[in-house]
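Chemist: Residue numbers (this note's numbering), protein chains in the order written: chain X, 1 to 129; chain Z, 1 to 154.
All C-beta atoms in this analysis are idealised placements derived from N, C-alpha and C, irrespective of residue type, glycine included.
Please read through the structure below; I'll follow up with questions.
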């Protein structure tokens, strides 16, 4: 079984870096879906299956916090795990986000190992053939 | 606000983020090597922050360094058209990462800040930033880089 991962960030650079990091995790990634903000992400999430969402906080149109809230309010999306990736290291902000329903938090700059760890801890271990 | 302490934090964070995010290594740029405000017209990025302290962060870099940043972050050839095209976005994201890490390093993990979206800096500000004593000057891959934090009300 391979994973479909969504990457939500207004920076094309960060979306590309994250996709590149995902390939370096050696995890079975079937597809990476890109979205430039929360609104675009919601539209795509309602059209296709995604196993896990990585999202920035600060984005135009709909930011990451609004995306988390919208997913929690949608019965079809409530169980899709969302990981926040941000530059901020505020423990206060991270605790607030966890209470809102996020499953994990990664701080930029991130490593492929950190990406792998958060996917495995969220979706479960995957045994390499 | 202790300008010296902020300047030291800023320098440490810029050096670390350039290495960790873009595999770019940097050194101090000695004062006698600083470009004059009349001659230096680099691209720059600006972003605001609000919280227990509010202000603006600006990052200026020689144009060739933007291509290096995007090439290293994206795994492209520095001379490729893609690297040049994506240089501005790479500088914006580098500035974003620097500011987020700086605020946590300097003010601690309990402090909560809201960061604005990175935007192109007013070129006229490069002139005044050149004269800012608290600015951090670095040389990276043979290019000049300047980082400045401006605190509101100071």
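Got a sec: is the Cβ-Cβ distance from residue 121 (chain Z) to anything in chain X below 8 Å?
Modeler: It does not: the Cβ of residue 121 (chain Z) has no partner Cβ on chain X nearer than 8 Å.
Chemist: According to DSSP, which residues form a beta bridge with residue 59 (chain X)?
Modeler: According to DSSP, which records beta bridges pairwise, residue 59 (chain X) is partnered with nothing at all.
Chemist: Run through DSSP, which three-state label would residue 53 (chain Z) get?
Modeler: DSSP places residue 53 (chain Z) in coil when its eight states are reduced to three.
Chemist: Can you confirm whether the stretch 79-90 of chain X touches the stretch 98-105 of chain X when touching is taken to mean that 3 or more C-beta pairs between the two stretches lie within less than 8 Å?
Modeler: Taking 8 Å as the limit for Cβ pairs, the verdict is that the stretch 79-90 of chain X does touch the stretch 98-105 of chain X.
Chemist: What do you get for residue 11 (chain X), buried or exposed, if any count of 16 or more other CB atoms within 10 angstroms of its CB means buried?
Modeler: Label assigned to residue 11 (chain X): buried.
Chemist: Hey, residue 117 (chain Z) and residue 49 (chain Z): beta-carbon distance below 8 Å or not?
Modeler: Going by C-beta atoms, residue 117 (chain Z) is not nearer than 8 Å to residue 49 (chain Z).
Chemist: Can you name the residues of chain Z whose CB is closer than 7 Å to the CB of residue 26 (chain X)?
Modeler: Those do not exist, as residue 26 (chain X) stays about 17 Å from chain Z at its closest Cβ, beyond 7 Å.
Chemist: Determine which residues of the stretch 71-96 of chain X have a Cβ less than 8 Å from any Cβ of chain Z, and write them out in chain order.
Modeler: If the cut-off is 8 Å between Cβ atoms, the stretch 71-96 of chain X has 86, 87, 88, 89, 90, 91, 92 and 93 near chain Z.
Chemist: Please report whether the beta-carbon of residue 17 (chain X) lies at a distance below 8 Å from any beta-carbon of chain Z.
Modeler: Yes, contact with chain Z.
Chemist: Return the CA-CA distance between residue 36 (chain Z) and residue 20 (chain X), expressed in angstroms with no decimal places.
Modeler: Their Cα atoms are separated by approximately 39 Å.
Chemist: Quick one: what's residue 26 (chain Z) bridged to in DSSP?
Modeler: In the DSSP output, where bridge partners are listed per residue, residue 26 (chain Z) has Z:140.
Chemist: Given 8 Å as the limit, is there contact between the stretch 83-102 of chain Z and the stretch 9-16 of chain Z, that is, 3 or more CB pairs closer than that?
Modeler: Contact between the stretch 83-102 of chain Z and the stretch 9-16 of chain Z is present, because at least three Cβ pairs lie under 8 Å.
Chemist: Using DSSP's beta-bridge definition, name the partner residues of residue 4 (chain X).
Modeler: Residue 4 (chain X) is bridged to X:31.
Chemist: Nearest chain Z C-beta to residue 13 (chain X) closer than 8 Å, yes or no?
Modeler: Interface residue, yes.
Chemist: For residue 20 (chain X), return the contacting residues in chain Z, with the cut-off set at a CB-CB distance below 8 Å.
Modeler: Going along chain Z in sequence order, the residues near residue 20 (chain X) (Cβ under 8 Å) are 74 and 75.
Chemist: Tell me, please, whether the CB atom of residue 135 (chain Z) is closer than 8 Å to any CB atom in chain X?
Modeler: With 8 Å as the cut-off, residue 135 (chain Z) does not count as an interface residue toward chain X.
Chemist: Please report the straight-line C-alpha distance between residue 19 (chain Z) and residue 113 (chain X), rounded to a whole angstrom.
Modeler: Whole-angstrom Cα-Cα distance: 17 Å.
Chemist: Whole angstroms are fine: how far does the CA of residue 91 (chain Z) sit from the CA of residue 47 (chain Z)?
Modeler: Whole-angstrom Cα-Cα distance: 12 Å.
Chemist: For residue 147 (chain Z), count neighbouring C-beta atoms within 10 Å of its own C-beta (all shown protein chains included) and say buried if the count is 16 or more, exposed if not.
Modeler: Flag for residue 147 (chain Z) reads buried.
Chemist: What is the residue span of the alpha helix (DSSP H) that residue 128 (chain Z) lies within?
Modeler: From DSSP, the alpha helix (DSSP H) with residue 128 (chain Z) extends over 123-130.
Chemist: Check the C-beta distance from residue 80 (chain X) over to residue 41 (chain X) and give it rounded, since I have them as a contact under 8 Å.
Modeler: Not quite, the Cβ-Cβ distance comes to about 10 Å (not below 8 Å), so this is no contact.
Chemist: Please name the residue in Z:149, Z:154 and Z:139 whose C-alpha comes closest to that of residue 30 (chain Z).
Modeler: Among Z:149, Z:154 and Z:139, the Cα nearest to that of residue 30 (chain Z) belongs to Z:139.
Chemist: Can residue 59 (chain Z) and residue 94 (chain Z) be called in contact, C-beta distance under 8 Å?
Modeler: For residue 59 (chain Z) and residue 94 (chain Z), yes; Cβs fall inside 8 Å.
Chemist: Would you please state the rounded distance, in angstroms, between the beta carbons of residue 32 (chain X) and residue 73 (chain Z)? I believe it to be under 8 Å.
Modeler: Going by Cβ atoms, the distance from residue 32 (chain X) to residue 73 (chain Z) rounds to 16 Å, so no, they are not a contact pair.
Chemist: So what does DSSP say about residue 94 (chain X), is it helix, strand or coil?
Modeler: DSSP places residue 94 (chain X) in helix when its eight states are reduced to three.
Chemist: Let me make sure I understand the geometry here. Which of X:24, X:28 and X:22 has the alpha-carbon closest to that of residue 150 (chain X)?
Modeler: Chain X is shown from 1 up to 129; residue 150 (chain X) falls before or after that span and cannot be answered.
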